[in-house]
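Novice:
Residue numbers (the working numbering): 177 to 330.
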């Protein structure tokens, strides 16, 4: 029996996010992004909820492997040199996604929310693009994590 992955937002936000992730896992991320539109259009509360959901998907399986009392760290490497790099040198969307997902994975919701507010606070077109790009990076991170967890390759 074949099951089609929804391409329109569902009544349940969780089902909508899971459908988007399923599209990413099956190699069709372009089908996922229209599903995120209601979260973004819903304003900061629903947009940060989307970010938190994607960050949770990235951290969920990895959190199981942490030792008791362990936390996630944030190690940044230069892709060209393999040497340590400064997070401040990363593009804004990548920096946001890395810092947000690390804070969220560590259960530091206050920091995660502060990072979100700092990203969108200007409320201008640049902030809108930064949010869209940040969501894309969080989505990609979640898809990679889910693919690794399930042994899938897109």
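Cβ atoms here follow ideal geometry from the backbone N, Cα and C, with glycine treated the same way.
1. Starting from the C-beta of residue 237, find all residues in its chain whose C-beta is less than 6 Å away, skip the five residues before and the five after it, and write them out in chain order.
2. Using only alpha-carbon positions, find the residue among 195, 188, 189 that is nearest to residue 180.
3. What residues in its chain sit with their C-beta under 7 Å from that of residue 192, if we drop five residues either side in the sequence?
4. From what residue to what residue does the alpha helix (DSSP H) around residue 326 run?
5. Would you mind sorting residue 271 into buried or exposed? The rule is 16 or more other CB atoms within 10 Å of its CB.
6. How big is the Cα-Cα spacing for residue 203 and residue 257?
7. Is the beta carbon of residue 233 closer than 7 Å to that of residue 288?
8. For a quick check, are the C-beta atoms of residue 313 and residue 273 less than 7 Å apart?
9. Less than 8 Å between the CB atoms is what I'm expecting for residue 291 and residue 303, so what's the real figure, rounded?
10. Just to confirm the assignment: which complete alpha helix (DSSP H) runs, minimum length 4, are found wholly within the stretch 215-249?
11. What does residue 260 pair with, by DSSP beta-bridge criteria?
12. Would residue 281 and residue 248 be called neighbours here (beta carbons separated by less than 7 Å)?
13. Please determine, among 261, 276, 255, 254, the residue with the shortest C-alpha to C-alpha distance to residue 224.
14. Taking residue 189 as part of the alpha helix (DSSP H), name the residues at either end of that continuous run.
15. Would you tell me roughly how many angstroms separate the C-alpha atoms of residue 231 and residue 316, rounded to the nearest one?
Specialist: The relevant details are as follows:
1. Mapped onto the chain shown, residue 237 falls at position 61. Here the set comprises 325.
2. The count along the chain shown starts at 1 and reaches residue 180 at position 4. Here the closest residue by C-alpha is 195.
3. Stepping through the chain shown from its first residue, residue 192 is reached at position 16. Closer than 7 Å at Cβ, skipping near neighbours: 185, 186, 211.
4. Counting from 1 along the chain shown, the entry for residue 326 is found at position 150. Here the alpha helix (DSSP H) through residue 326 covers 301-326.
5. Residue mapping note: residue 271 aligns to position 95 of the chain shown, counting from 1. Result: buried.
6. Within the chain shown, numbered from 1, the residue matching residue 203 stands at position 27. Within the chain shown, numbered from 1, the residue matching residue 257 stands at position 81. Going by the C-alpha atoms only, they are around 29 Å apart.
7. One-based indexing of the chain shown puts residue 288 at position 112. One-based indexing of the chain shown puts residue 233 at position 57. Result no, Cβ atoms of residue 288 and residue 233 do not sit closer than 7 Å.
8. Indexing the chain shown from 1 puts residue 313 at position 137. Indexing the chain shown from 1 puts residue 273 at position 97. Yes.
9. In the chain shown, residue 291 corresponds to position 115, counting from 1. In the chain shown, residue 303 corresponds to position 127, counting from 1. Rounded, the Cβ-Cβ distance is 13 Å, inconsistent with contact.
10. 220-240
11. Indexing the chain shown from 1 puts residue 260 at position 84. The partner list for residue 260 (beta bridge, DSSP) reads 253.
12. As a first step, residue 281 is located in the chain shown; it is residue number 105 there, counting from the start. As a first step, residue 248 is located in the chain shown; it is residue number 72 there, counting from the start. Taking 7 Å as the Cβ cut-off, residue 281 and residue 248 qualify as a contacting pair.
13. For the purposes of this step, residue 224 is taken as the residue at position 48 of the chain shown. Selected option, being the one with the closest Cα: 276.
14. Numbered from 1 along the chain shown, position 13 holds the residue referred to as residue 189. Looking at the DSSP string, the run of the alpha helix (DSSP H) that includes residue 189 is 189-201.
15. Here residue 231 corresponds to residue number 55 of the chain shown, with the count starting at 1. Here residue 316 corresponds to residue number 140 of the chain shown, with the count starting at 1. In a straight line, the C-alpha of residue 231 is about 10 Å away from that of residue 316.
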